[in-house]
Amino acid sequence: TFSPSEGTPHLTINHNVAADLDSSNAFEGPEKLLEVWFAPNPDCLPPGVKPNGLKAVSSDTWVGVLDMVNCKILSVLEAEHMDAYLLSE
Amino acid sequence: SSMFVFPHKLILKTCGTTTLLLGLRRLLHIAAEHAGFPFYNAKSVDDIHAAASPYRVFYSRKNFLFPDKQPGPHRSWKEEVKYLDDTFEGGSAYMVGKMNGDHWYLYITSPDTTVTPPRTPDENLQTHSSKILTNTTSLFKGGLKNNDETLEILMTDLDPENAKQFYLEHASAVASNRLYSQAQEARKMAMGNLGDLSGSTITIKTNSTVESVADDTLDVFDNCSDSDLHSSYTPVSEQVDIECMTTEGHALGTVVSDACGLSEVYPTSKYPDARIDAYLFSPCGFSANGIIPAPQKQDDADAEKPTHYFTVHVTPEPICSFASFETNVPGGQNGRETSEIVEHVVGIFKPGRFSVTLFEAKATYGYDDDEIPTGLARKKRLEKIEGYRRVDRIVHDFDDYELIFRFYERE
């Protein structure tokens, strides 16, 4: 499948996570926010790093980390400069 | 909860009783093993402890509403700081704002506060060292570009009327009314196209978007009354490709995002390629990520314009109502965009209290903030948010970052 136009981010939905999601017991809005930078900006990745840096990591690989955090991937918006994962607890 | 992955950085934002810090070391290992970022604390990337050395780490959160419900290592700020100090060399922990009220915690490591890590682990070192050094700037040619600043708005005591929008029941009613009016539009359109059809029936094919239904595919509407039409009309699926046929949560998330005004923070009239991925949880709660590619104008096609992102999370229950909004605002603008974004977002939720934290990279040409017109203009604009009193303004002046924390209460 492809995005309607090159510039428009592309959405992929994880149906089996979305299907039986019940957030009755979710609470505690205030989030924990972690930012880990590996370079000052995308134009100066250190030598030896894959051309797209962290964006080269598959979403399946991130599933392991998110399991440790107690989150599941609901959907992913992929774009040229970044990928946005919507997660559920 | 959300995660944003850029080539050079990762943002992970999780709510509820998630155990975010437990994923940190695995995340650093993935950066080394799957992206090739340098590591110095192990001999081989096959060593599960091999962890890429980050250039900088931020960890922050507002004070929890139910701290005793948090699992380790999030049971207290003290425990979180110990966990991070055990992981990184040279981190600093801060508490910002009223201790006996709403305050905000920050843990930060910065490239300047750490020594250059050993090129290869010392022989007598065990196979891996427990602490990870953050990377020195000498590895990087360019410093921080004066482009993006991170703006975060954390809101509590949401206006109950506005918070209703983030309940499944309310959103379903809005959605069906919206579909209903679409159905009516469709019927009017069909009637209009096909002239006087008294006595005949027309059926709209619902397996494609109404806009694309051409005359010859229209059979005939049943002679149904409005209410029949209402019940018989099945949702028109947006133009989607097969792989991401929507779900109810995503479809209602889109309805809510349009109805509450979130879609207008970065309007498609100005950002034609903007895309929002929104989800409405059952029975309530809302999350959305937005990616807004810079509009490509012919006259400044080569102008480096940042791609914007934003992420929103809403807990609407009155006992613990909370909403967060985070985005990157373009550096160097005159502060109008920042204050307009804050006013727009606060207008959606009408919170009783909210904080605005603005992280701005100090411009690489070394001025301090007061000399840059932006700082002064923005400072003035953010001092007055319609309907609110600015209670606190706290500035943390880091080496290459400035953090400005403002706290507001409804007048």
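So the protein lines, in turn, are chains A and B.
Counting from 1, position 53 in the first sequence corresponds to residue 53 in my numbering; the numbering is continuous, with no gaps.
Counting from 1, position 90 in the second sequence corresponds to residue 1090 in my numbering; the numbering is continuous, with no gaps.
No residue lacks a Cβ here, since even glycine has one placed at the ideal position from N, Cα and C.
Using a C-beta to C-beta distance shorter than 8 Å, which residues of chain B count as neighbours of residue i?
i, result
"D83 of chain A", "F1004 and V1005"
Taking residue i as part of the beta strand (DSSP E), name the residues at either end of that continuous run.
i, result
"M1099 of chain B", "Premise fails: M1099 of chain B is in no beta strand (DSSP E) and is neither H nor E."
"V1057 of chain B", "R1056 to K1062"
"E35 of chain A", "K32 to W37"
"A1288 of chain B", "F1286 to I1292"
"D1392 of chain B", "Y1388 to D1397"
"I13 of chain A", "H10 to I13"
"I1385 of chain B", "No beta strand (DSSP E) contains I1385 of chain B, which DSSP labels as neither H nor E."
"V76 of chain A", "K72 to E78"
"I1404 of chain B", "Y1401 to R1410"
In terms of residue numbering, what span does the alpha helix (DSSP H) encompassing residue i cover?
i, result
"V1081 of chain B", "W1077 to T1087"
"H1250 of chain B", "E1248 to C1260"
"T61 of chain A", "S59 to V69"
"A84 of chain A", "Element bounds for A84 of chain A: not the alpha helix (DSSP H) but the beta strand (DSSP E), D83 to S88."
"A1278 of chain B", "Careful: A1278 of chain B lies outside any alpha helix (DSSP H), inside the beta strand (DSSP E) at R1275 to L1280."
"E1161 of chain B", "P1160 to A1163"
Cβ closer than 7 Å: which chain A residues qualify as neighbours of residue i?
i, result
"S1060 of chain B", "L33"
"A1050 of chain B", "Under the 7 Å cutoff, chain A gives no residues; its nearest Cβ is about 14 Å from A1050 of chain B."
"D1277 of chain B", "L11, S75, L77, A84 and L86"
"A1031 of chain B", "F38 and L54"
Check the C-beta distance from residue i over to residue j and give it rounded, since I have them as a contact under 8 Å.
i, j, result
"N52 of chain A", "P1007 of chain B", "5 Å"
"V65 of chain A", "I1030 of chain B", "7 Å"
"E1326 of chain B", "L1158 of chain B", "About 17 Å; that fails the 8 Å criterion."
"W1104 of chain B", "F1405 of chain B", "6 Å"
"K50 of chain A", "A1032 of chain B", "Contact flag wrong, Cβ pair sits at about 11 Å."
"D1085 of chain B", "F1407 of chain B", "Wrong, their Cβ atoms sit about 27 Å apart, outside the cutoff."
"Y1107 of chain B", "G1091 of chain B", "6 Å"
"T12 of chain A", "S75 of chain A", "6 Å"
"N1289 of chain B", "T1315 of chain B", "No, N1289 of chain B and T1315 of chain B are not in contact; Cβ-Cβ is about 17 Å, not under 8 Å."
"M82 of chain A", "Y1309 of chain B", "6 Å"
"P1295 of chain B", "Y1271 of chain B", "6 Å"
Between the options, which lies nearest to residue i when the distance is taken from Cα to Cα?
i, options, result
"W37 of chain A", "B:R1061, B:I1048 and B:I1011", "B:I1011"
"V17 of chain A", "A:K50, A:P47, A:I73 and A:A79", "A:I73"
"H1319 of chain B", "B:R1061, B:Y1040, B:F1066 and B:G1036", "His is not the amino acid found at residue 1319 of chain B; the sequence shown has Ile there. Minimum Cα distance to I1319 of chain B is reached at B:F1066."
"F1166 of chain B", "B:M1003, B:G1253, B:P1272 and B:R1390", "B:G1253"
"F1337 of chain B", "B:V1174, B:P1267, B:F1037 and B:E1161", "Per the sequence shown, the amino acid found at residue 1337 of chain B is Glu instead of Phe. Minimum Cα distance to E1337 of chain B is reached at B:P1267."
"L86 of chain A", "B:D1399, B:A1171 and B:V1005", "B:V1005"
"R1410 of chain B", "B:V1265, B:K1350 and B:G1097", "B:K1350"
"A84 of chain A", "B:F1058, B:K1043 and B:K1013", "B:K1013"
"Y1055 of chain B", "B:T1357, B:K1362 and B:L1028", "B:L1028"
"V1395 of chain B", "B:V1356, B:K1384 and B:R1389", "B:V1356"
"N1015 of chain B", "A:K32, A:N14 and A:P47", "Before going on, a small fix: residue 1015 of chain B reads as Cys here, not Asn. Ranking the options by Cα distance to C1015 of chain B, first place goes to A:K32."
"E1343 of chain B", "B:L1021, B:R1075, B:T1017 and B:G1387", "B:G1387"
"E1169 of chain B", "B:A1093, B:M1095, B:G1249 and B:T1109", "B:G1249"
"I1153 of chain B", "B:L1021, B:L1403, B:L1358 and B:A1294", "B:L1358"
"H15 of chain A", "B:K1380, B:Y1279 and B:M1095", "B:Y1279"
"G48 of chain A", "B:F1037, B:D1047 and B:N1041", "B:F1037"
"C1260 of chain B", "B:L1403, B:E1161 and B:L1179", "B:E1161"
"F1064 of chain B", "B:S1321, B:V1345, B:D1258 and B:N1177", "B:S1321"
"S58 of chain A", "A:C44, A:G29, A:E35 and A:E78", "A:E78"
"S1324 of chain B", "B:L1262, B:A1274, B:E1340 and B:H1308", "B:L1262"
"I1292 of chain B", "B:R1390, B:V1265, B:K1082 and B:G1285", "B:V1265"
"L34 of chain A", "B:G1023, B:K1270, B:F1281 and B:I1385", "B:G1023"
"V1329 of chain B", "B:K1082, B:E1360, B:Q1182 and B:H1313", "B:E1360"
"E1402 of chain B", "B:R1381, B:K1362, B:F1088 and B:E1383", "B:K1362"
"D1400 of chain B", "B:A1093, B:K1043, B:A1051 and B:T1109", "B:T1109"
"T1156 of chain B", "B:N1177, B:K1062, B:T1087 and B:Y1094", "B:K1062"
For residue i, return the contacting residues in chain A, with the cut-off set at a CB-CB distance below 8 Å.
i, result
"Y1055 of chain B", "W37, F38, A39 and P40"
"T1307 of chain B", "A79, E80, H81 and M82"
"H1313 of chain B", "G29 and E31"
"H1103 of chain B", "Ordered by position in chain A, no residue passes the 8 Å Cβ test against H1103 of chain B, which lies about 11 Å from the chain."
"L1027 of chain B", "V36 and V65"
"N1289 of chain B", "L77, A84, Y85 and L86"
"T1018 of chain B", "K32, V69, N70, C71 and E89"
"G1387 of chain B", "Those do not exist, as G1387 of chain B stays about 22 Å from chain A at its closest Cβ, beyond 8 Å."
Taking residue i as the query, report the chain B residues whose CB atoms sit under 7 Å from its CB, ordered along the chain.
i, result
"V49 of chain A", "A1035, G1036 and F1037"
"N52 of chain A", "P1007"
"V63 of chain A", "Those within 7 Å of V63 of chain A in chain B number zero; the least Cβ separation is about 11 Å."
Which residues in chain B have a C-beta closer than 9 Å to the C-beta of residue i? List them in chain order.
i, result
"N16 of chain A", "Those do not exist, as N16 of chain A stays about 10 Å from chain B at its closest Cβ, beyond 9 Å."
Cβ closer than 9 Å: which chain A residues qualify as neighbours of residue i?
i, result
"P1267 of chain B", "In chain order: nothing, as chain A lies at least about 15 Å away."
"H1074 of chain B", "K32"
"C1260 of chain B", "Those within 9 Å of C1260 of chain B in chain A number zero; the least Cβ separation is about 16 Å."
| field | Complete runs of the alpha helix (DSSP H) confined to the region 1309–1363 of chain B [at least 4 residues] | value | 1336–1349
Extract the residue ranges of the beta strand (DSSP E) inside the region 1004–1057 of chain B, only unbroken runs of 3 or more that lie entirely within it. 1009–1014
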